[in-house]
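Below: one structure, written as structure tokens.
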Amino acid sequence: MSEFITLRIREYRRLTQDGVLAIGLLLSIGFLGLFVVYPLARILSVSLSSEAAAVYQRLLAARGTWRVILNTLWMGLGVASAGTLLGFLFAFVQVKLDVPFKRFFNLIGILPVISPPFAVAMSTIVLFGRSGLITKQLLGIRYDIYGLDGLILVMAISFFPVAYLTLLGMMRALDPSLEEAAINLGAGRWRVFRTVTLPMLIPGIASSFLLLFVEALADLANPLLIGGNYTVLASRIYLAIIGEYNLNTGAVLSLILLVPSLTVFFFQHYWVSRRSYVSVTGKPAGHHQPISSPWVKWSLFALCLLVSGLVVLLYGFIFVGAVTKVWGINYALTLEHFHFVLFGYGSEAMIDTTLLAAIATPVAGLMGMLIAFLVVRRKFAGRNLVDFASVLGIAVPGTVVGIGFILAFNQPLWGGLIPKLTGTALIIILAYVVRSVPGSVRSGVAALQQVDTAMEEASASLGASSVTTFRRITLPLIKPAFLSGLIYSFARSMTSLSAIIFLITPRWRVMTAQILNEAETGRYGNAAAYCVVLIAIVITAIGLMYAVVGSTTGAERLVER
Amino acid sequence: MKSATLVLDNLVKTFGHQGEVRAVNGMNLEIHQGEFVTLLGPSGCGKTTTLRLIAGFEFPTAGQILLNGESLNDVPPNKRPMAMVFQNYALFPHMSVFDNVSYGLKIKRQSTDLIRENVEIVMQLMNLVGMGDRMPHQLSGGQQQRVALARALVMQPQVLLFDEPLSNLDAKLREQMRIEIRRLQQRLGITTVYVTHDQAEAMSLSDRIAVMRDGQLEQIGTPSEIYQHPVSLFVADFIGRANFIESSVQSRTDGQLTLELFGRSLTLLAPQGEFFAGAPVYLVIRPEAVRVNRQAGSWTGEVKQAVYLGSTVEYEIETHDHFISVVVYNPQEGDIFEEGDQMFLDLPSTAFHVLPRRTG
């Protein structure tokens, strides 16, 4: 036992010998501890306090609460199923079918990632709602899109890229010789699919399902807009805070929401994702035999086309809404919505959001890289804890993060060392960073695992300190991952709603909250214009980042083994 | 160039939560100034781990490493005056050859002029003149290897470390590089530790070979000592090939050992080791020491397998219920046998080596 302790102490001493690295470790642990763990701890302490006991009794006695919990679970299951199916369809068509428009389908599969949280919901309402363009005006039926069906439709379309990308990577990395061996032994196509292909994809399917479940549970925007009377935990928490000003209820509900979210998330993170033996590098491992049966081929193609058409329609229609007088009703062209957003009262939100996200992005990017480096390349006691904490920011639903921040920072800490942060711009930036770091860490970890450690060891054997090695060898080689981490952070921050909805004030306006505002008050035109501007900003930022962080020299290609 | 003595003192390295895997299990080794020592052994014997311990990429569980008498245990890898050449070269793909080679010098904060001068010298030494601007992926395997070596040499290290550097090269290139490495090392006189599983490499490069097995040193000696006087079956079998014939000691007098061989007595003069009458032993004889003849010889045998390899012929010969491997050089000058041939064997007593045998 004492040998164990001696070894651990020696490990730490070696780590701290690298002065600046030690500071980096302190920084990241300090950040995670203060802004991720502490707010959660505050929620736990409030929701498990004696005052909370009364709230629990009241809530759990009410049938309404159980209805909300059940609603949430049903919604999660529905979205997870639909989204995974869609993702599977698109991935299958990409990898296994020889059909036209594959690049187009790929774009569709990724498009929803950069879109604002309300875009699809609004389009859906205008197209398929009670006075919907398609439902009422075209088909003459009166269909109530609000509720579970609308939620599942909108969220499946918004989240299926996660499933698509996961399954795409998995399918591509599948060894085709396994299927060929099965065929050689006499198995027909369907049997091969059923007994060889599908079982090997189960980790990917399970992964996607679980991830989508968690995303659905955490989402606030859609339940607010298109949920109608179908209340879920996220919207219930929103009501508790904004409607009732009741932090206790909010904290208690957050805990209730945390239980399924965190359980499912960490089940996926530590158990399911570890069980896949295929590495998701996106490189084809061999030649896949495309499906030749025309029935299968063209019906799947048609399905894909149909879904793509729907997606294009939904997103395209936003543009229509942005430039017409009254969305879906009056098609007279107008620029008044854009004027409102860009120059009028709404421009403040646009500037504020972009500024805050722009500040948060490099912070999250660097922090993520630093943590990824520490977790992958350095052995130290507590490494698993750091890994765990670095993922919490996204494992926890946004609303919970928001409440945690309020509980943690609505008074000064440590005798004023940390001032009261609620109501400031800083707290919004911090929320953005906390939500973006996990994605940054993930892409950093994936990239670092591709870089040969021999390279870094060679640098050390030539006299370079850890920092110099990181700066001159590692960082250039993981530039693409760093870049995608930055893009992800910016997009995530710009389109974030649930985390910051409780943190905004009249002084600091955020575009997504404004969109919610405009949509709730029926000013869909303005909301649509906001969406268009938001998408434009994100795309511009992506372009700028590619230009600044630099063209890829091709060096990373050589790093692939 | 200052060269160093390196001492491994009871070095232990374990892996696993309870330390189940004892990769290095008590290594004691003394490497003298300017000496070329090879760590040789099969995969999993701990040679690479030992090298990484010396370089500082692994930290010893117990024991220490002394450079010129001073312990390196608390010295991080980038502060050790050693340079390492990696198995897959580990050239920085995003830097030119010049930038790769000058990398360590920049860290040492040498002036630009001095760097340029030093790099030019070492590039000339390694036959890389004019390739400074090329990128690693534009070079052949052999060139990449030379750049890796140049990058290490330009640091003027006190110890040079090699981790199986030639295993990715084809046979001809391997031989060429072997000669170059040896030539350079002798000229520069740098203390060198070399890891390989290829015994031909070890034999041709080393001043001394350290044969390793299961994390421990099995035998250390010059190539001829190792080959002619292996201390164990493992070493005898790992270096070169060997025939092991079961025997026992019949009698022992000063300077002479009489043993049983195929029913007759064999007397060896001045054999090494303590053997008493009645002790079970192995008689070890190398395949190339066995003489074969169609007409006459001490023992008869039947050829069970014959493989003609051009410069040699390899036979498996059955005699007295034993299978003896035989290698004949310049086969054209003597008899060449085929499978099934009956022939004669001669086993010169001077070619035998005796090793203890455990029974039961």
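Taken in order, these protein sequences are the chains called A and B.
Under the working numbering, the first residue of the first sequence carries the number 2, and numbering increases by one thereafter.
Under the working numbering, the first residue of the second sequence carries the number 20, and numbering increases by one thereafter.
Glycine included, every Cβ here is placed at the ideal spot set by N, Cα and C.
Counting C-beta pairs with one atom in each stretch, the region 198-213 of chain B and the region 224-236 of chain B have three or more that are closer than 8 Å, which means they touch. Within the region 79-97 of chain B, contact with chain A at the beta-carbon level (separation under 7 Å) is assigned to Pro-95, Pro-96 and Asn-97.
For A:His-338, the enclosing alpha helix (DSSP H) begins and ends at 337-343. In this structure, the CA atom of B:Thr-215 is about 34 Å from the CA atom of A:Ala-373. Looking from the CA of B:Ser-284, the closest CA among B:Pro-79, B:Ser-270 and B:Lys-125 belongs to B:Ser-270.
Nearest neighbour of A:Val-402 by Cα position, chosen from A:Ala-42, A:Ile-30 and A:Tyr-13, turns out to be A:Ala-42. Close CB contacts of A:Phe-106 within its chain, under the 7 Å cut and outside five residues either way in sequence, are with Phe-91, Val-94, Gln-95, Cys-305 and Ser-309 (chain order). Exposed is the label assigned to A:Tyr-346, since fewer than 16 other Cβ atoms lie within 10 Å of its Cβ.
Within the DSSP bridge table, the entry for B:Ile-50 names B:Leu-25 as partners. Secondary structure of A:Trp-299 (DSSP, three-state): helix. The contact set of A:Asp-388 on chain B, defined by CB atoms closer than 9 Å, is empty, because the minimum CB distance reaches about 18 Å.
For the C-beta of A:Thr-167, not a single chain B residue is nearer than 9 Å; the gap to the nearest is close to 29 Å. Secondary structure note for B:Arg-165: its alpha helix (DSSP H) is the uninterrupted segment 160-172.
A straight-line Cα-Cα distance of about 15 Å links B:Ser-90 and B:Val-178.
Taking the Cα of A:Ala-455 as reference, the smallest distance to any Cα among B:Leu-366, B:Asp-182, B:Leu-172 and B:Asn-87 is reached at B:Asp-182.
Within chain B, no residue has its beta carbon less than 8 Å from that of A:Ala-409; the closest one is some 36 Å off.
Within the region 118-135 of chain B, the residues whose Cβ lies closer than 7 Å to some Cβ of chain A are Tyr-122, Gly-123, Ile-126 and Lys-127, listed in chain order. By the 16-neighbour rule on beta-carbons within 10 angstroms, B:Tyr-348 is exposed.
In this structure, the CA atom of A:Arg-11 is about 19 Å from the CA atom of B:Thr-68. Within the DSSP bridge table, the entry for B:Ser-270 names B:Thr-277 as partners. Here A:Gly-440 really is in contact with A:Gly-486; their C-beta atoms are around 7 Å apart, less than 8 Å.
Excluding the 5 residues flanking it on each side, A:Thr-198 has same chain C-beta neighbours closer than 8 Å at Leu-175 and Glu-180, in chain order. When Cβ pairs closer than 8 Å are counted between the two stretches, the region 159-174 of chain A is seen not to touch the region 347-367 of chain A, the count staying below three.
Chain-ordered, the chain A residues with CB closer than 9 Å to the CB of B:Arg-170 read Ala-459 and Leu-463. Burial of A:Asp-220 is indicated by the presence of at least 16 other C-beta atoms within 10 angstroms of its C-beta.
With three or more CB-CB distances shorter than 8 Å, the region 119-130 of chain B counts as touching the region 453-469 of chain A.
By the neighbour-count definition (other C-beta atoms within 10 Å, threshold 16), B:Arg-170 is a buried residue. Here A:Leu-315 is actually not in contact with A:Val-533; their C-beta atoms are around 14 Å apart, not less than 8 Å. Rounded to whole angstroms, the separation of the alpha carbons of A:Leu-168 and A:Pro-177 is 15 Å. Contact holds between the region 200-215 of chain A and the region 252-270 of chain A, because three or more Cβ pairs, one in each stretch, are under 8 Å apart. For B:Leu-110, the closest Cβ of chain A is nearer than 9 Å. Residue range 64-97 is occupied by the alpha helix (DSSP H) that includes A:Met-76. For B:Val-322, the enclosing beta strand (DSSP E) stretches over residues 318-327. B:Pro-61 is positioned such that its CB atom lies closer than 9 Å to that of B:Arg-232.
Taking C-beta atoms under 8 Å as the contact rule, B:Gly-65 and B:Ala-42 qualify, at a distance of about 5 Å. The bridge partners DSSP lists for B:Pro-299 are B:Ser-267.
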